[in-house]
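What follows is a short report on a single structure.
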Amino acid sequence: MDLENIKEILEKGEDEAVSDVLSTVEERYGEVPYILNFMKDMPELLIPKVMYDNSIMREFERLDPETIELICVGVASALRCDHCLKMHIRVARRLGLTREQIFDAILIGGSLSNASVLAEGTRALDDEVNDNSPSCEGDCDSCNITGSDR
Numbered sequence: 026m027d028l029e030n031i032k033e034i035l036e037k038g039e040d041e042a043v044s045d046v047l048s049t050v051e052e053r054y055g056e057v058p059y060i061l062n063f064m065k066d067m068p069e070l071l072i073p074k075v076m077y078d079n080s081i082m083r084e085f086e087r088l089d090p091e092t093i094e095l096i097c098v099g100v101a102s103a104l105r106c107d108h109c110l111k112m113h114i115r116v117a118r119r120l121g122l123t124r125e126q127i128f129d130a131i132l133i134g135g136s137l138s139n140a141s142v143l144a145e146g147t148r149a150l151d152d153e154v155n156d157n158s159p160s161c162e163g164d165c166d167s168c169n170i171t172g173s174d175r
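Counting with our numbering, you get residues 26 to 175 for the letters of the sequence shown.
This is how it looks when you write it as structure tokens:
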């Protein structure tokens, strides 16, 4: 969706704009994701969201659609978003990606998710076992959960 398409969409009435946006999404994904269907009666939210998502995930010239979809699978897996994960697996299959390629993306997402859990858990353990001082140098929200000044 380039700038000319965006301009055309914004010049249309809300109903026609929503219809066009959802049609474009369906052409790309082979289906309309649940959240976009949910937002179809809220064009003031739907249209900017789709335009933003499109500008990030579909306008890259450096990444091909298959790579983008594998990233989506890995991230959805790491975030444990079952509905997102299943939809992105379906899209990946439509793009011709193999079960093994999709599984590799899930493994990468799982590894990063695991690293996040371990990083948070070991920092908390160190903080409590050592001297209760935060393990980071800065004044981050994770370390300063009371919101107090130090």
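Note that beta-carbon positions come from the ideal geometry of N, C-alpha and C, so glycine has one too.
May I have the straight-line CA-CA distance separating G121 from T92, to the nearest angstrom?
12 Å
Let me know the secondary structure DSSP gives T62 once reduced to three states.
Sequence check: residue 62 is Asn here, not Thr. Residue state, collapsed to three classes: helix.
Terminal residues of the continuous alpha helix (DSSP H) containing V100?
P90 to L104
Which of helix, strand or coil does DSSP assign to R177?
Residue numbering for the chain in the displayed model covers 26 to 175; residue 177 lies beyond these limits and cannot be assessed.
Pick from T123, I114 and L104 that is closest to M140, judged by C-alpha positions:
Going by the sequence as given, residue 140 is Ala instead of Met. It is L104.
Using the Cα positions of R119 and I127, report the straight-line distance between them to the nearest angstrom.
12 Å
Going by the beta-carbon positions, is the gap between M76 and L70 smaller than 8 Å?
no
Buried or exposed for E51, going by 16 or more other Cβ atoms inside 10 Å?
exposed
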